[in-house]
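When you line the sequence shown up against this note's numbering, it's residues 288 to 505, in that order.
Every residue, glycine too, gets a C-beta built ideally from N, C-alpha and C.
Down below is the structure, laid out as structure tokens.
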Amino acid sequence: MKLLALALSIAGWSVAADIHGEYVEARTADIYTGPCFANSEVELTGNLAVLGWKIEKGSWEGVTLDGLSVMGVVHAVGARAVIIVDQSATAEQRLALGQFARKMGGDLLKNVVRTDARPIIFTSGDMHSREAKMVAGELAKVETRALEETDKICHNEAVWYKPLTQLDHAMAAYTVEQSYRGKGLDTTWSYPGKRSAYVGTFSVSGPGVVETGEDFSK
Numbered sequence: 288m289k290l291l292a293l294a295l296s297i298a299g300w301s302v303a304a305d306i307h308g309e310y311v312e313a314r315t316a317d318i319y320t321g322p323c324f325a326n327s328e329v330e331l332t333g334n335l336a337v338l339g340w341k342i343e344k345g346s347w348e349g350v351t352l353d354g355l356s357v358m359g360v361v362h363a364v365g366a367r368a369v370i371i372v373d374q375s376a377t378a379e380q381r382l383a384l385g386q387f388a389r390k391m392g393g394d395l396l397k398n399v400v401r402t403d404a405r406p407i408i409f410t411s412g413d414m415h416s417r418e419a420k421m422v423a424g425e426l427a428k429v430e431t432r433a434l435e436e437t438d439k440i441c442h443n444e445a446v447w448y449k450p451l452t453q454l455d456h457a458m459a460a461y462t463v464e465q466s467y468r469g470k471g472l473d474t475t476w477s478y479p480g481k482r483s484a485y486v487g488t489f490s491v492s493g494p495g496v497v498e499t500g501e502d503f504s505k
């Protein structure tokens, strides 16, 4: 899967900057799965994703971004992407949000074919609840919940793929909803009901830690 292969080139980089917040992503292939499902999806699914960053506090290139959000929507076939910036941001902040997303997204957001501005709402529960919801107007939406025992199918599931961006802390989650209804990627989609999400926290210079989400009691 092109999207998942590109993710491997992103892991491990870090840049000194004073910026941190919360993150959510959802893909069109399971990241928490068994080998039979993972192998069956290779080259067939997993080339679409929605990523989102909620900046709690910090600045980028000298521009303060406290409380603002940005989303990236990826179509790995042709390596095309759309960025959605917070409509409440100033022109200078919108530019900085786009630059921040490109840096965090690496190769996935290298070829941005369109940038839109929409009101972006991000809500989340306690980190270990893995509940998050990020909505960019009518264009994009991601909603997650914790993985549960009933989400197991093979009963030998594990986390197969890392998050698509550098994170301080990440936990695999269940995708309640993932959708994109905008322009620029020659496709729109709705892909709910998959074990295909991550929730996490980021600071650009922080270390990366991934949790499997196998402790269903949290």
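CB contact flag (residue i, residue j, <7 Å)
i	j	result
GLY339	MET414	no
ARG432	ASP317	no
LYS341	PHE409	yes
ASP423	ARG405	Note that residue 423 is Ala in the sequence shown here, rather than Asp. Yes. Within cutoff.
VAL486	ALA419	yes
GLU425	VAL463	no
SER466	LYS428	yes
GLY345	ILE306	yes
GLY393	ILE370	no
ALA366	VAL337	no
LEU335	TRP476	yes
CA nearest to the CA of residue i, picked from the options
i	options	result
TYR478	LEU472, LEU395 and ARG468	ARG468
LEU395	LEU382, LEU426 and MET358	MET358
GLU436	ASP455, VAL429, TYR461 and GLU418	TYR461
VAL399	THR315, ASP305 and VAL372	VAL372
ARG417	MET458, ILE407 and ASP473	MET458
GLN380	GLY480, LYS397 and SER356	SER356
ALA484	VAL491, LEU434 and LEU454	LEU434
GLU343	SER411, THR377, TYR448 and LEU472	SER411
ARG389	ILE407, ALA368 and ALA378	ALA368
GLY471	ALA363, ALA378 and ASP455	ALA363
GLY480	VAL311, THR315 and TYR310	THR315
CB-CB length for residue i against residue j, believed under 8 Å
i	j	result
PHE489	GLY308	6 Å
MET391	THR351	With 8 Å as the limit, MET391 and THR351 do not qualify as a contact, their Cβ atoms being about 18 Å apart.
Coarse secondary structure for residue i, derived from DSSP in three states
i	result
LEU382	helix
ARG389	helix
THR315	coil
ASP413	coil
THR437	helix
LEU451	coil
LEU395	helix
SER327	Here the model assigns SER327 a pLDDT of 45, short of 50, so the residue's position is not dependable, and the following value carries that caveat. Helix.
GLY338	Before going on, a small fix: residue 338 reads as Leu here, not Gly. Looking at LEU338 - three-state DSSP - the assignment turns out to be strand.
SER375	coil
ALA427	strand
ASP473	coil
GLU309	strand
TYR485	strand
ALA457	strand
TYR467	strand
ALA368	strand
ALA419	strand
The ligand GDP heavy atom lying under 6 Å from the CB of residue i
i	result
VAL491	Annotation note on the ligand GDP: not contained in the displayed structure, which lists no ligands.
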